[in-house]
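This report refers to the structure that appears directly beneath it.
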RNA sequence: GGGCGGUUAGCUCAGCUGGUCAGAGCGCCUGCCUUACAAGCAGGAGGUCACUGGUUCGAUCCCAGUACCGCCCACCA
């Protein structure tokens, strides 16, 4: 127990671990599954990667969620903050594969079962870090019911959803153009692709006309794909080529005859106005090919090497080798008219960073438009509200143009597809089919497929569990705008489809915290910081040193200061990290600590008379307190956490300490008997007001207040009168 | 190529669809260490509110355009 008399500065390192233990032992964060979703309050954490560590985005996001959870709990609502982690297919598998590589082996050498076993062990070893960090932050989540997206019950829910959507015809298997990620050796979805600007060489290649008179020149940045060309397209109105439409050209190096076709997609002003068509290796070409009934020879395989459909001398080459070989041959045949450099954006894998290889592949897809319609309506009707509201427009624009989702992944870590094959037969079901000779599809589902079920699968769905009845639908979702499509939209769609209701009613999109120089926070750029280093003290990277007294170490600001600082700086959509704000938060904790000392050391322990303000300043501070309570409550409910934090600061600093406590000091020294009850009342209500934002210190102070029993976190304050 | 946000004090940011709205914190300057907190207290200096037009009795705020900065979406070889 810290000593108020001698501790003149708030010491988070002394207080926080002790308070955290108290909370966990109390069971307060694990509410009984009683009551109805209307009277209860619940929210589901965006599940962090199971092997991840806390970063600044998590710290802000969870400070906000905890602020809401504690606020609602103190309003008397049974509050459940659903906690858990995500198996994060590609990310986790990649980590383990890297470890295997360091041991000089790889997953194929290990085999599927042992590899998956190895990932589970990895999770066992590193999986608890982020949960411990959440406790460190003071997050009042339900640690007693921690979920994982690969739990048995959760997996059952995933398979049921897959089967149901398959029965409805939404999920199907098709040979279609996909984003092939050579890094992970898997198809990935459109949303996992990021465009990057690159400078390529644009090759102008002469394709001799079959008639023998002249050639038609095409421009391409991927000459190696010409081995799979099946046509040349020109714009139907292009005078230069009109007479050639329907003619044939000869594909160099291969000898195949290519029909010259007309298609409005072709832009006459780009390159030569003539476009080589490679249906198997370019999405546009794929669609043009479908329109014109072209064949789809595939010369690049999933292994990134040239296939047997190309002339023999190229087979087995990598894409890069093939490009060099093709260009060299074209040059020696005098068919390379010229080259030019071209800067354009091309897709890269968000995960592996490798350039996407578009190719036709047999994958599982999910049609989204039927599911999207009600999910659009949920937002336009206001049953789901975005905060700030302008995100609703982005959501709607994307949903209205939604495309099929490639949901199969050629990985081992994840939910394996509930699909079995035997010859030409396919069985889709939650259990294996009877009979001999069936083999299960080796692929797993996109991680986001299982994440989409998060708000209800964590509560036991498809079983009608007490948890589900008590806490679903949830109230709010707090997340970043980068996963509005990947996650938020899909949760709304799945929630509506499988539970008949929106999984939450409010979506708060948090600010994105940038480094002080405006770049994004990232470990690899050296612009990231570990929130735990702010809480407990730790290295301060150079970018953060500009005005904070040079590099070196962060002081141990404590969790409350970090939380308050993050909330206070999180107003706009992008915000630069400000150590000053965290320091301001620490000032506030210190101020509050000393105000508590002044009051608690100055009044008699048994001064518990009813509050009866005797002097004008007493009535004034009670009025200002009520006003502050109203403002803070209103700001929290409006998802305006920075103003909630600042309003708290203004009250504690500007009104309680600078004015009221200074004014009553003489009365305190004189032992004015009418003063003590007012002081204790104001202190109690002030720590209660501050608790959702600064839980540790306020809980500690509360434990010293005479007559205060139980936990502050469990103390119920009636709603302030908004008219006050 | 579309869309969204931003530009206010040296720094990081507030400013309710127009009238004591020109603010806060930090930093800086000047005073205060017997008296809860020097990680404190009191006071002070600092801004053509990006630019150009428009609406209005009146614009940081509303409208149009320009310039930068950031982000999202998009199949131009």
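Numbering (this note's numbering), first residue to last: 22 to 745. Don't be surprised by glycine CBs; every beta carbon is placed ideally from N, CA and C.
Alpha carbon of residue i to alpha carbon of residue j, nearest angstrom
i: residue 185; j: residue 54; result: 28 Å
i: residue 699; j: residue 634; result: 6 Å
i: residue 395; j: residue 487; result: 27 Å
i: residue 497; j: residue 392; result: 21 Å
i: residue 403; j: residue 656; result: 20 Å
i: residue 483; j: residue 98; result: 26 Å
i: residue 551; j: residue 159; result: 16 Å
i: residue 427; j: residue 210; result: 5 Å
i: residue 36; j: residue 547; result: 32 Å
i: residue 163; j: residue 183; result: 28 Å
i: residue 289; j: residue 554; result: 57 Å
i: residue 743; j: residue 652; result: Note that residue 743 scores a pLDDT of 42, beneath 50, so its modelled location is shaky; the value from the coordinates is reported in the next line. Cα to Cα, residue 743 sits roughly 9 Å from residue 652.
i: residue 369; j: residue 114; result: 19 Å
i: residue 709; j: residue 660; result: 19 Å
i: residue 745; j: residue 189; result: A caution first: residue 745 carries a pLDDT of 38, below 50, which makes its placement in the model too unreliable to give a value.
i: residue 136; j: residue 83; result: 33 Å
i: residue 474; j: residue 506; result: 14 Å
i: residue 167; j: residue 173; result: 13 Å
i: residue 302; j: residue 201; result: 10 Å
i: residue 281; j: residue 332; result: 22 Å
Simplified DSSP state of residue i, which is helix, strand or coil
i: residue 321; result: strand
i: residue 83; result: helix
i: residue 441; result: strand
i: residue 199; result: strand
i: residue 379; result: strand
i: residue 105; result: strand
i: residue 742; result: Because residue 742 sits at a pLDDT of 46, beneath the cut-off of 50, its placement in the model cannot be relied upon, and the following sentence gives the value as read from the coordinates. Three-state DSSP puts residue 742 in coil, outside helix and strand.
i: residue 560; result: strand
i: residue 63; result: strand
i: residue 712; result: coil
i: residue 680; result: helix
i: residue 737; result: coil
Minimum C-alpha distance to residue i - residue among the options
i: residue 617; options: 342, 152, 720, 714; result: 720
i: residue 76; options: 154, 678, 408, 87; result: 154
i: residue 524; options: 508, 531, 140; result: 508
i: residue 514; options: 663, 353, 399, 213; result: 399
i: residue 435; options: 109, 95, 609, 33; result: 109
i: residue 141; options: 165, 214, 71; result: 71
i: residue 495; options: 89, 82, 25, 383; result: 89
i: residue 624; options: 138, 359, 480, 688; result: 688
i: residue 321; options: 343, 557, 307, 359; result: 343
Short Cβ contact (7 Å threshold) for residue i with residue j
i: residue 249; j: residue 170; result: no
i: residue 316; j: residue 251; result: yes
i: residue 177; j: residue 274; result: no
i: residue 668; j: residue 591; result: no
i: residue 279; j: residue 272; result: yes
i: residue 715; j: residue 585; result: yes
i: residue 221; j: residue 242; result: yes
i: residue 337; j: residue 326; result: yes
i: residue 203; j: residue 375; result: yes
i: residue 642; j: residue 681; result: yes
i: residue 468; j: residue 442; result: no
i: residue 309; j: residue 270; result: no
i: residue 559; j: residue 582; result: no
i: residue 379; j: residue 304; result: yes
i: residue 726; j: residue 372; result: no
i: residue 96; j: residue 713; result: no
i: residue 683; j: residue 610; result: no
i: residue 735; j: residue 45; result: no
Residue burial classification, residue i (beta-carbon count within 10 angstroms, cutoff 16)
i: residue 31; result: buried
i: residue 324; result: exposed
i: residue 521; result: exposed
i: residue 662; result: buried
i: residue 86; result: buried
i: residue 466; result: buried
i: residue 291; result: exposed
i: residue 276; result: exposed
i: residue 26; result: exposed
i: residue 622; result: exposed
i: residue 212; result: buried
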